[in-house]
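For the sequence shown, the numbering used here assigns the number 1122 to the initial residue and increments by one for each residue that follows.
Yeah, the Cβ is synthetic: ideal placement off N, Cα and C, and Gly gets one too.
Predicted model, so just to flag it, every value in this text is computed and none were measured.
Below is one structure, written out as structure tokens; comments come after it.
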Amino acid sequence: MAGNLRSLRRAAGLSQEELAFRSGMKRGCLSDLERGTRNPTVRCLGRLANALKVPPGRLLE
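What follows is the structure, given as structure tokens:
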């Protein structure tokens, strides 16, 4: 998930700060998710998917 999240964020032209703001989470948490040092919750996946305008399953590919 980590690399896919980073790729989708970059493809959307968003910084970590902007995606964190849009998804209602802290930038540090998003950074941990992108590095694979933190596992996402279902709620977190939903928030990120909404902010990136992709289906939640796309984050897990």
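- For the alpha helix (DSSP H) containing N1125, list its first residue and its last residue. It spans A1123 to A1132 - the alpha helix (DSSP H) in which N1125 sits, taken as one unbroken run.
- Task: Output yes or no for whether 7 Å exceeds the beta carbon distance between L1140 and A1172.
- Result: Between L1140 and A1172, the CB-CB gap stays under 7 Å.
- Item | 7 Å Cβ cutoff met for L1154 and L1126 | yes
- Task: Look up G1167 in the DSSP assignment and say whether it is helix, strand or coil.
- Result: helix
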